[in-house]
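Asker: Below is the structure I would like to discuss, written out as structure tokens.
There are 2 protein chains.
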Amino acid sequence: MKIYNFSAGPAMLPEEVMLKAQDEFCNYGGTQSGIMELSHRGPQFMEVLATAKQNIRDLMNISDDYAICFIQGGASMQFCMIPMNFLPADGVADYADSGTWSAKAIKEAQRFGKVNIVGSSKETNYDRIPVVRHWKPTENAIYLHITSNNTIAGTQYHTFPPVHKDVPMIADMSSDFMSRVININDFGMVYGGAQKNLGPSGVALVIIRKDFAERANKDLPTMLRYSTYIEKDSMFNTPPTFAIYILKLITDWMKDQGGLGVIEEINNTKSEGLYELIDRSDFYSSPVYPGSRSKMNVVFRLPTEELEAKFVKEAAQNGMTGLKGHRSVGGIRASIYNAMPLAGVETLVDFMIQFEKENG
Amino acid sequence: MKIYNFSAGPAMLPEEVMLKAQDEFCNYGGTQSGIMELSHRGPQFMEVLATAKQNIRDLMNISDDYAICFIQGGASMQFCMIPMNFLPADGVADYADSGTWSAKAIKEAQRFGKVNIVGSSKETNYDRIPVVRHWKPTENAIYLHITSNNTIAGTQYHTFPPVHKDVPMIADMSSDFMSRVININDFGMVYGGAQKNLGPSGVALVIIRKDFAERANKDLPTMLRYSTYIEKDSMFNTPPTFAIYILKLITDWMKDQGGLGVIEEINNTKSEGLYELIDRSDFYSSPVYPGSRSKMNVVFRLPTEELEAKFVKEAAQNGMTGLKGHRSVGGIRASIYNAMPLAGVETLVDFMIQFEKENG
Chain A
1 MKIYNFSAGP
11 AMLPEEVMLK
21 AQDEFCNYGG
31 TQSGIMELSH
41 RGPQFMEVLA
51 TAKQNIRDLM
61 NISDDYAICF
71 IQGGASMQFC
81 MIPMNFLPAD
91 GVADYADSGT
101 WSAKAIKEAQ
111 RFGKVNIVGS
121 SKETNYDRIP
131 VVRHWKPTEN
141 AIYLHITSNN
151 TIAGTQYHTF
161 PPVHKDVPMI
171 ADMSSDFMSR
181 VININDFGMV
191 YGGAQKNLGP
201 SGVALVIIRK
211 DFAERANKDL
221 PTMLRYSTYI
231 EKDSMFNTPP
241 TFAIYILKLI
251 TDWMKDQGGL
261 GVIEEINNTK
271 SEGLYELIDR
281 SDFYSSPVYP
291 GSRSKMNVVF
301 RLPTEELEAK
311 FVKEAAQNGM
321 TGLKGHRSVG
331 GIRASIYNAM
341 PLAGVETLVD
351 FMIQFEKENG
Chain B
1001 MKIYNFSAGP
1011 AMLPEEVMLK
1021 AQDEFCNYGG
1031 TQSGIMELSH
1041 RGPQFMEVLA
1051 TAKQNIRDLM
1061 NISDDYAICF
1071 IQGGASMQFC
1081 MIPMNFLPAD
1091 GVADYADSGT
1101 WSAKAIKEAQ
1111 RFGKVNIVGS
1121 SKETNYDRIP
1131 VVRHWKPTEN
1141 AIYLHITSNN
1151 TIAGTQYHTF
1161 PPVHKDVPMI
1171 ADMSSDFMSR
1181 VININDFGMV
1191 YGGAQKNLGP
1201 SGVALVIIRK
1211 DFAERANKDL
1221 PTMLRYSTYI
1231 EKDSMFNTPP
1241 TFAIYILKLI
1251 TDWMKDQGGL
1261 GVIEEINNTK
1271 SEGLYELIDR
1281 SDFYSSPVYP
1291 GSRSKMNVVF
1301 RLPTEELEAK
1311 FVKEAAQNGM
1321 TGLKGHRSVG
1331 GIRASIYNAM
1341 PLAGVETLVD
1351 FMIQFEKENG
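Protein chains in written order, with the working numbering: chain A, 1 to 360; chain B, 1001 to 1360.
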């Protein structure tokens, strides 16, 4: 039986990427060594690094005004590096609070300076992206921070807030990075852990406008300054070479797919299939406001928690794993990142129809 | 032709480990997913994490007085986390300066408090471990920091400094971690990047005495506090799951070898073979004081830089790669970590004898 893994992350990677990485695992380019056994300053890894960066530039249409950095510690380390670099004690940063991960970013920023929460959907259990026209931005905010996709609540910005020239927008894109076309020029910085759409856990991709990076506090430990990664091309110390190698293979794969426009269309088709079924059913229901529904993490409820437990169990027996909702909110969550093929979503839809017939 | 990779790190891993990881790369435990595609909170990775930790406890004979943590950012991140957690602005930390990496650790510590360099071999180009009986320790130092093996200079502590009850000793063991038997109870903390003896780059192993960890500054960003890793079992955020999985396989392999006592004996045999040849030859010479020679990184010189370049080139043609010395010091460096088999060293010794005959 074919197994589809709907885990929220670490998540499934494209089958072609996994097979290629397996094939050359012990013998990269005829060296009789795996890429993870080779020096990070040798020609093999240097080429991997350069190609990964160029692929990202090509796919996202990124100019030389931006630097592409690979930093360890995941998005959680960025939650502290951002205010540490940019937010002085007497400065104000604007944060939109759209879920658990936004709240964690806010908590870290409050150690360094003042945080103004421009909008929050906490009172409605994060069932939507806070409505942007009601936001209360600070004049002269140091930056605006948003979370573009909320893995736990299953929400996503369908359009981004308007750009204010003097207030760089920073987006945590951990769970929808490179899943759709965005205009990078609207952002001062975007970042995310790789373990949803880009690779294994253990590396964060940070894309930062160079003139914004120059505003950073210079009196910081070497490993916590963005300038270290920019000036040393993410090679001040040994980078996580294998994670970057997988990211390189995944961005190769994205180009082979036809780029982010094509990938976005497939992602639209995948999520629409699920939301249509949920909306026409009296058995399944979405806790998420329609205009905020995530195309990456489709969360839904069944009539009772008992039925949800039965659903998760029987889905697993039928080859669909990782469907249990986050422990903090319960319910069902189908994570359908770039690597989830349409066939996986169709299998889930068929199972949901059958499960409703038997239990509805 | 069999290729032996003498790279200083990332470095070769045991062949059995690479083959096992390749075999189950796309299908871990029958899940049809690779371990890197599975949730870090699922049963498969939780077992990997628990086994990796237990293996380390067994191999190093570590009691429950110590916590075992996996932290991203390599040893370089530890260079700043250590003083950030422990060194107040008015406190003094003792550092021994035995090479480039010690100097980097010292530089980061100086941002936070006062650093007393107890001893240094900088004036003699780091050709030895600074002689401990000449050290000038601070009374009431917050901690003492040493670098147990110096990858670039090719030096290593053969015996550790005496233990002072009130001054916890911290050792950067990046390049000789688990290569020999040590008494962990002599240390407040030992740490190292994995990419020499323990696995791929992208994870640092930190072993810290819990009562020492409790002395840390509590007012720090979440990801930069040791207490976060201790309390959350290195799972506050998504850890680098694949790197920890490889580390688990490597520690399984170490147990299969018979443990650190057996591994230490093999490492002694490997390095003695090289040093004996160097010492009896007029062609090869060691720049390192005999009592400080590293068993992990054997550095040596040839009569001229031209001959060194020829040596590196012909060695590569004969299947021995990664022998060029660090760019800052030149010469030849043979890194012979745990995974380098005796046969690899014997091949190198035979080549060196032949090269001397032809060029001596």
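By construction, the Cβ of each residue, glycine as well, lies at the ideal position given by its N, Cα and C atoms. Small disclaimer: the values here were computed from a predicted structure and weren't measured.
Whole angstroms are fine: how far does the CA of Gly42/A sit from the CA of Pro239/A?
Answerer: Cα to Cα, Pro239/A sits roughly 13 Å from Gly42/A.
Asker: Using a Cβ-Cβ cutoff of less than 8 Å, which residues in the same chain neighbour Val1288/B once the five nearest sequence positions on both sides are dropped?
Answerer: Asp1127, Arg1128, Ala1153, Gly1154, Thr1155, Ser1294, Val1299.
Asker: Please report the Cβ distance between Met169/A and Leu260/A, rounded to the nearest whole angstrom; I am assuming they are in contact, meaning their Cβ atoms lie under 8 Å.
Answerer: That pair is no contact at about 19 Å.
Asker: Mind listing which residues of the region 132-157 of chain A have their C-beta closer than 8 Å to chain B's C-betas, in chain order?
Answerer: Under the 8 Å Cβ criterion, the region 132-157 of chain A contributes no residue.
Asker: Which stretch, first to last residue, makes up the beta strand (DSSP E) that contains Lys1114/B?
Answerer: Unbroken beta strand (DSSP E) run through Lys1114/B: 1114-1120.
Asker: With the cut-off set at 7 Å, would you say Asn966/B and Ser1120/B are in Cβ contact?
Answerer: One cannot answer for residue 966/B here, as it falls past the ends of chain B, which runs 1001 to 1360.
Asker: Rounded to a whole number of angstroms, what is the C-alpha to C-alpha distance between Asp1211/B and Met1223/B?
Answerer: For Asp1211/B and Met1223/B, the distance between alpha carbons rounds to 20 Å.
Asker: If the criterion is Cβ atoms closer than 7 Å, does the pair Phe1112/B and Pro1083/B meet it?
Answerer: It is a contact, given that the beta carbons lie within the stated cut-off.
Asker: Have a look at Glu1272/B and Asp1252/B and give me their C-alpha separation to the nearest angstrom.
Answerer: Taking the straight line joining both Cα atoms gives about 26 Å.
Asker: Compute the Euclidean distance between the alpha carbons of Ser39/A and Ser1335/B, then round it to the nearest angstrom.
Answerer: Taking the straight line from one Cα to the other gives about 12 Å.
Asker: Check the C-beta distance from Ala11/A over to Glu1037/B and give it rounded, since I have them as a contact under 8 Å.
Answerer: The Cβ separation is near 6 Å, so the contact holds.
Asker: Report the residue from Arg1209/B, Thr1321/B, Gly1360/B whose alpha carbon sits nearest the alpha carbon of Glu1306/B.
Answerer: Closest by alpha carbon: Gly1360/B.
Asker: So, does the CB of Cys26/A fall closer than 7 Å to a CB anywhere in chain B?
Answerer: Cys26/A counts as touching chain B.
Asker: What does DSSP give as the partner residue(s) for Thr155/A in the beta ladder?
Answerer: According to DSSP, which records beta bridges pairwise, Thr155/A is partnered with Asn150/A, Arg293/A.
Asker: Kindly list, in the order they appear in chain A, the residues whose Cβ is closer than 9 Å to that of Ala1050/B.
Answerer: Here the premise fails: no neighbours, minimum Cβ distance about 17 Å.
Asker: For a quick check, are the C-beta atoms of Val92/A and Thr138/A less than 7 Å apart?
Answerer: A contact, by the Cβ cut-off of 7 Å.
Asker: Does the beta carbon of Met1254/B sit closer than 7 Å to a beta carbon anywhere in chain A?
Answerer: For Met1254/B, the answer is no, since every Cβ of chain A falls outside 7 Å of its Cβ.
Asker: So, does the CB of Ala1243/B fall closer than 7 Å to a CB anywhere in chain A?
Answerer: True, the Cβ-Cβ gap to chain A drops below 7 Å.
Asker: Give me the Cα-Cα distance between Tyr28/A and Lys1114/B, rounded to the nearest whole angstrom.
Answerer: Looking at the two C-alpha atoms, the distance is approximately 46 Å.
Asker: With Pro200/A and Ile246/A assumed to form a contact (beta carbons below 8 Å), what rounded beta-carbon distance in angstroms separates them?
Answerer: So it is a contact: roughly 6 Å between Cβ atoms.
Asker: Which residues in the same chain as Leu1198/B place their Cβ atom closer than 7 Å to its Cβ, once the five residues preceding and following it in sequence are excluded?
Answerer: Cβ within range, chain order: Phe1177, Met1178, Leu1205, Leu1247, Ile1250.
Asker: Taking the beta strand (DSSP E) that Phe70/A belongs to, which residues open and close that run?
Answerer: Looking at the DSSP string, the run of the beta strand (DSSP E) that includes Phe70/A is 66-71.
Asker: Any idea if Gly1030/B is buried or exposed, counting beta-carbon neighbours within 10 angstroms, 16 or more meaning buried?
Answerer: By the neighbour-count rule (16 or more Cβ atoms within 10 Å), Gly1030/B is not buried but exposed.
Asker: Any beta carbon from chain B within less than 7 Å of Arg73/A's own beta carbon?
Answerer: Residue identity check: residue 73/A is Gly in the sequence provided, not Arg. Interface residue, yes.
Asker: Grab me the residues of Val349/A's own chain with a C-beta within less than 7 Å of its C-beta, minus the 5 sequence neighbours each way, in chain order.
Answerer: Gly273, Leu274, Leu277, listed in sequence order.
Asker: Have a look at the DSSP bridge pairing and note the partners of Asn5/A.
Answerer: Note: Asn5/A sits in a beta bridge opposite Thr321/A.
Asker: Using a Cβ cut-off of 7 Å (strictly closer), state whether Gln32/A contacts chain B.
Answerer: Yes, contact with chain B.
Asker: Name, in chain order, the residues that DSSP records as bridge partners for Leu205/A.
Answerer: The partner list for Leu205/A (beta bridge, DSSP) reads Phe70/A, Gly192/A.
Asker: State yes or no: is the C-beta of Ala67/A within less than 7 Å of the C-beta of Ile230/A?
Answerer: Cβ atoms of Ala67/A and Ile230/A: closer than 7 Å.
Asker: May I have a chain-ordered list of the alpha helix (DSSP H) segments no shorter than 4 residues that lie completely inside the region 1043-1106 of chain B?
Answerer: Fully enclosed alpha helix (DSSP H) runs of 4 or longer: 1043-1060, 1074-1086.
Asker: Taking Cβ-Cβ distances shorter than 8 Å, what residues in chain A pair up with Leu1323/B?
Answerer: Neighbours of Leu1323/B on chain A: none; closest Cβ ~11 Å, over 8 Å.
Asker: Mind listing the chain A neighbours of Arg1111/B? Cutoff is C-beta to C-beta under 7 Å, in chain order.
Answerer: Residues of chain A passing the Cβ test: Pro221.
Asker: Which of the three DSSP states, helix, strand or coil, is assigned to His1134/B?
Answerer: Three-state result, His1134/B: helix.
Asker: Tell me whether the beta-carbon of Phe86/A lies closer than 7 Å to the beta-carbon of Ala216/A.
Answerer: Result yes, Cβ atoms of Phe86/A and Ala216/A sit closer than 7 Å.
Asker: On the premise that Ile56/A lies in contact with Phe242/A, defined as a C-beta separation below 8 Å, what is that separation, rounded to the nearest angstrom?
Answerer: Actually they do not touch by this definition, with Cβ atoms about 18 Å apart.
Asker: With a 10 Å radius around its C-beta and 16 neighbouring C-beta atoms as the bar for buried, classify Asn1237/B as buried or exposed.
Answerer: Classification for Asn1237/B: buried.
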